[in-house]
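Engineer: Residue numbers (my numbering): 5 to 529. First the structure, then my questions, so here it is.
What follows is the structure, given as structure tokens:
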């Protein structure tokens, strides 16, 4: 045992954990596991107040770890590139990658041939780098950044929970995330949410390492650097998952190190240099007016609820309860004493604020989508893992440890065996349409009024969208031509003069829906 542990007031008062319960390397690294009101002080790392003296090493833990690693690998990588793009948003992330490699412009993302700066480009850059290495833009290339980001969240969460709460709590936290529907699905999607989750959660945990674990200021620089990358992923919304919880913790605890973290001048400078670099480069090329539409439409519009109907205030709470079921039922155990127990532990207070403050902020926004709160999920998983670990060690519940392994394995089996069959209707028509258009490669292709970006992605080139008022005139001037009509507008296209049905594709993206390719001129003869 280290001299720092022997000299600490916690050790001299006799309140320490059993050294025999830990491997020697882990014991020397953590210095002193104690029960103390303010864990960061007196040389004592943070541990749970309600944690008990650890039990002797459980051989089942090794098998549980191995099976959890296998489940995580299967969830992240199994069949990652074998299923076509499943959602419109996946295509919105894949098309800019395709355009970057085709046109060579990595500064200005483009979607179906049009400028698309609504979202920052870090995710596109990562996908493009993977595609460069693979030699092609495919599902594997655009989904790999999300899979790697998910593994980074799991590994970092495990290490932090091991240091703060103990062995089983760390493993349970990982298993809770793997069994979380939202986390598991977005670990396999070409969407920016998982990358944002990794950058925000790692940034927050790096800052807490400085505040709670007495780490050096380099951890603050790491935190601000990661937060800058988060700004390059989805913009200023990242501050709600890192800076807002840190501010809340500083106000609640009055911890001087928390205020030092918030007032780190070199950290803010690094944040601005990294996070605003792309925005400044775009403004230099296009002018500041380029950002007015983004601010008004994408930022203010979503806050005011301009996209779709306004969901109720408790919308996100319902999603959190559903995604974390059944682990969320742990909150029903000792519901009166659990909040008090958490509030007595600085680490738990910080994590709790990392969940509640973003939840409150996003609940106030008019535009609500379940995936928006995903960056707060790792903090809640750590809290639930801490409770589950304490429960399992206090009562020796082997069935609980077995269940913790089975739930992630269940999700792994679903992605390996069930996902492709379940969502076959979403993508079955896409390769058929791509092959048909490829067979008519020399003929111009248009879409009537609308086009799903998945169809554009598999076509491999932009598809011009014709407004209803210009469609007839354009077709009259362009013969022959192909006109793609999706299910909602098929009747309108059928009424246009001089068009004929060349081929129908069903199901198209949804059950009971279809797409029709029309032709004109010589194609109809």
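Yeah, the Cβ is synthetic: ideal placement off N, Cα and C, and Gly gets one too.
#1: Which same chain residues end up closer than 6 Å to residue 28 when comparing Cβ atoms and leaving out the 5 residues on each side of it in sequence?
#2: Roughly how many angstroms separate the alpha carbons of residue 165 and residue 176, rounded to a whole number?
#3: Taking the alpha carbon of residue 94 as the reference point, which residue from 182, 473, 149, 72 has its own alpha carbon closest?
#4: Tell me whether residue 507 is buried or exposed, calling it buried when 16 or more other Cβ atoms sit within 10 Å of its Cβ.
#5: Give every residue of the same chain whose Cβ lies closer than 6 Å to the Cβ of residue 503, excluding the five residues on either side of it in the sequence, and list them in chain order.
#6: Where does residue 279 land, buried or exposed, given buried means 16+ other C-beta within 10 angstroms?
#7: Based on Cα-Cα distance, which residue from 288, 246, 258, 222 lies nearest to residue 270?
#8: Can you list, in chain order, the residues of its chain whose CB lies under 7 Å from that of residue 405, leaving out five sequence neighbours each side?
#9: Can you list, in chain order, the residues of its chain whose CB lies under 8 Å from that of residue 378, leaving out five sequence neighbours each side?
#10: Take the Cβ of residue 339 as the centre, count every other Cβ of all protein chains shown within 10 Å, and call the residue buried at 16 or more, exposed below.
#11: May I ask you to list the residues that DSSP assigns as paired with residue 505?
#12: Taking buried to mean at least 16 other C-beta atoms within 10 Å of its own C-beta, is residue 328 buried or exposed?
#13: With a 10 Å radius around its C-beta and 16 neighbouring C-beta atoms as the bar for buried, classify residue 66 as buried or exposed.
#14: Inspect the beta-carbon positions of residue 511 and residue 452 and report whether they are closer than 8 Å.
#15: According to DSSP, which residues form a beta bridge with residue 514?
#16: Please return the same chain residues whose Cβ sits closer than 6 Å to the Cβ of residue 26, not counting the five positions on each side in sequence.
#17: Between residue 514 and the rest of its own chain, which residues show a CB-CB distance below 8 Å, the 5 nearest in sequence each way excluded?
#18: Measure the Cβ-Cβ separation of residue 113 and residue 106 and say whether it is below 8 Å.
#19: Do residue 520 and residue 489 count as a contact pair if the criterion is CB distance below 8 Å?
#20: Could you name each continuous alpha helix (DSSP H) segment of 4 residues or more that falls completely within the stretch 228-307, going from the start of the chain to the end?
#21: Using the C-alpha atoms, what's the distance from residue 246 back to residue 273?
#22: Looking at the structure shown, is residue 90 part of a helix, part of a strand, or coil, going by DSSP?
#23: Specify whether the stretch 70-87 and the stretch 441-451 touch according to this definition: at least 3 beta carbon pairs, one from each stretch, less than 8 Å apart.
#24: Tell me whether residue 195 is buried or exposed, calling it buried when 16 or more other Cβ atoms sit within 10 Å of its Cβ.
#25: Determine, using beta carbons only, whether residue 388 and residue 331 come nearer to each other than 8 Å.
#26: For residue 534, count the other beta carbons within 10 Å of its own beta carbon; 16 or more makes it buried, fewer makes it exposed. Which is it?
#27: Tell whether a beta-carbon distance below 8 Å holds between residue 457 and residue 115.
#28: Going by beta carbon distance, what residues of the same chain come within less than 7 Å of residue 482, once the five residues before and after it are set aside?
#29: What does DSSP give as the partner residues of residue 3 in its beta bridges?
#30: Could you check whether the Cβ of residue 195 sits closer than 7 Å to any heavy atom belonging to the ligand SAM?
#31: Across the stretch 215-229 and the stretch 346-365, are there enough close Cβ pairs to call them in contact, namely three or more that are closer than 8 Å?
#32: Tell whether a beta-carbon distance below 8 Å holds between residue 354 and residue 253.
#33: How big is the Cα-Cα spacing for residue 382 and residue 391?
#34: Residues in its own chain within less than 8 Å of residue 262 by CB, not counting five upstream and five downstream?
#35: When the Cα of residue 82 is compared with those of 413, 172, 168, which residue comes out closest?
#36: Below 6 Å CB to CB, which residues in the same chain sit around residue 4 once its five sequence neighbours on both sides are set aside?
Structural biologist: Looking at the atomic coordinates:
#1: In the chain shown, counting from the first residue as 1, residue 28 sits at position 24. Because the pLDDT of residue 28 is 36, which lies under 50, any placement of that residue in the model is unreliable, and the number read from its coordinates should be weighed accordingly. Nothing meets the Cβ criterion.
#2: Translated into positions along the chain shown, residue 165 becomes position 161. Translated into positions along the chain shown, residue 176 becomes position 172. So the alpha carbons of these two residues sit roughly 9 Å apart.
#3: For the purposes of this step, residue 94 is identified with residue 90 of the chain shown, where counting begins at 1. In terms of Cα proximity to residue 94, the closest of 182, 473, 149, 72 is 149.
#4: Within the chain shown, the letter at position 503 stands for residue 507. Exposure of residue 507 is indicated by the presence of fewer than 16 other C-beta atoms within 10 angstroms of its C-beta.
#5: Numbered from 1 along the chain shown, position 499 holds the residue referred to as residue 503. Cβ contact annotation for residue 503 (same chain, cutoff 6 Å, sequence separation greater than five): 522, 524, in chain order.
#6: Reading the chain shown from its first residue, position 275 is the one you call residue 279. Buried.
#7: Residue numbering aside, residue 270 sits at position 266 when the chain shown is read from its first letter. The shortest Cα separation from residue 270 among 288, 246, 258, 222 belongs to 222.
#8: Position 401 of the chain shown, counted from the start, is the residue given in the question as residue 405. Counting only Cβ-Cβ distances below 7 Å, and skipping sequence neighbours, we find 64, 68, 396.
#9: On the chain shown, residue 378 is found 374 positions in, with the first residue counted as 1. Around residue 378: 186, 187, 190, 197, 198, 200, 201.
#10: Within the chain shown, numbered from 1, the residue matching residue 339 stands at position 335. Per the 10 Å Cβ criterion, exposed.
#11: Numbered from 1 along the chain shown, position 501 holds the residue referred to as residue 505. Here residue 505 is bridged, per DSSP, to 522.
#12: The residue you call residue 328 lines up with position 324 of the chain shown. Flag for residue 328 reads buried.
#13: Taking the chain shown and counting its residues from 1, the one referred to as residue 66 is at position 62. Exposed.
#14: To locate residue 511, count along the chain shown from 1; it is residue 507. To locate residue 452, count along the chain shown from 1; it is residue 448. No.
#15: Numbered from 1 along the chain shown, position 510 holds the residue referred to as residue 514. Per DSSP, 512.
#16: Mapped onto the chain shown, residue 26 falls at position 22. Because residue 26 carries a pLDDT of 39, less than 50, the predicted location of this residue cannot be relied on, and no value is offered for it.
#17: Locating residue 514 in the chain shown gives position 510, counting from the first residue. For residue 514, the CB contacts under 8 Å within the same chain, skipping 5 residues up- and downstream, are 429, 430, 491 in chain order.
#18: Indexing the chain shown from 1 puts residue 113 at position 109. Indexing the chain shown from 1 puts residue 106 at position 102. In this structure, residue 106 does not lie closer than 8 Å to residue 113 by Cβ.
#19: Here residue 489 refers to the residue found at position 485 of the chain shown. Here residue 520 refers to the residue found at position 516 of the chain shown. Going by C-beta atoms, residue 489 is nearer than 8 Å to residue 520.
#20: Taking only runs of at least 4 residues, the alpha helix (DSSP H) segments lying wholly in the stretch 228-307 are 247-257, 260-266, 269-279, 281-290, 294-297.
#21: Numbered from 1 along the chain shown, position 269 holds the residue referred to as residue 273. Numbered from 1 along the chain shown, position 242 holds the residue referred to as residue 246. Approximately 16 Å, taken between the alpha carbons.
#22: The residue you call residue 90 lines up with position 86 of the chain shown. Residue 90 falls in the coil class under three-state DSSP.
#23: Below 8 Å, too few C-beta pairs join the stretch 70-87 and the stretch 441-451 to call them touching: fewer than three.
#24: Locating residue 195 in the chain shown gives position 191, counting from the first residue. Around the beta carbon of residue 195, 16 or more other beta carbons sit within 10 angstroms, so the residue counts as buried.
#25: Locating residue 388 in the chain shown gives position 384, counting from the first residue. Locating residue 331 in the chain shown gives position 327, counting from the first residue. Yes, the Cβ-Cβ distance between residue 388 and residue 331 is below 8 Å.
#26: Residue 534 falls outside the range modelled here, since the chain spans only 5 to 529, and no answer is possible.
#27: One-based indexing of the chain shown puts residue 457 at position 453. One-based indexing of the chain shown puts residue 115 at position 111. With respect to residue 115, residue 457 sits close: the two C-beta atoms are nearer than 8 Å.
#28: In the chain shown, the residue the question calls residue 482 occupies position 478. 448, listed in sequence order.
#29: Nothing about residue 3 can be read from this structure; the chain reaches only from 5 to 529.
#30: Ligands displayed in this structure: none; no statement on the ligand SAM is therefore possible.
#31: Three or more Cβ pairs closer than 8 Å define a contact, and the stretch 215-229 meets that threshold against the stretch 346-365.
#32: Walking along the chain shown from the start, residue 354 turns up at place 350. Walking along the chain shown from the start, residue 253 turns up at place 249. Taking 8 Å as the cut-off, the beta carbon of residue 354 is found closer than this to the beta carbon of residue 253.
#33: Here the question's residue 382 lines up with position 378 in the chain shown. Here the question's residue 391 lines up with position 387 in the chain shown. Cα-Cα distance, rounded: 14 Å.
#34: As a working mapping, residue 262 is identified with position 258 in the chain shown. Correct list, in chain order: 215, 250, 253, 254.
#35: For the purposes of this step, residue 82 is taken as the residue at position 78 of the chain shown. When only C-alpha atoms are compared, the closest one is 413.
#36: The question about residue 4 has no answer, for the chain in this structure spans 5 to 529.
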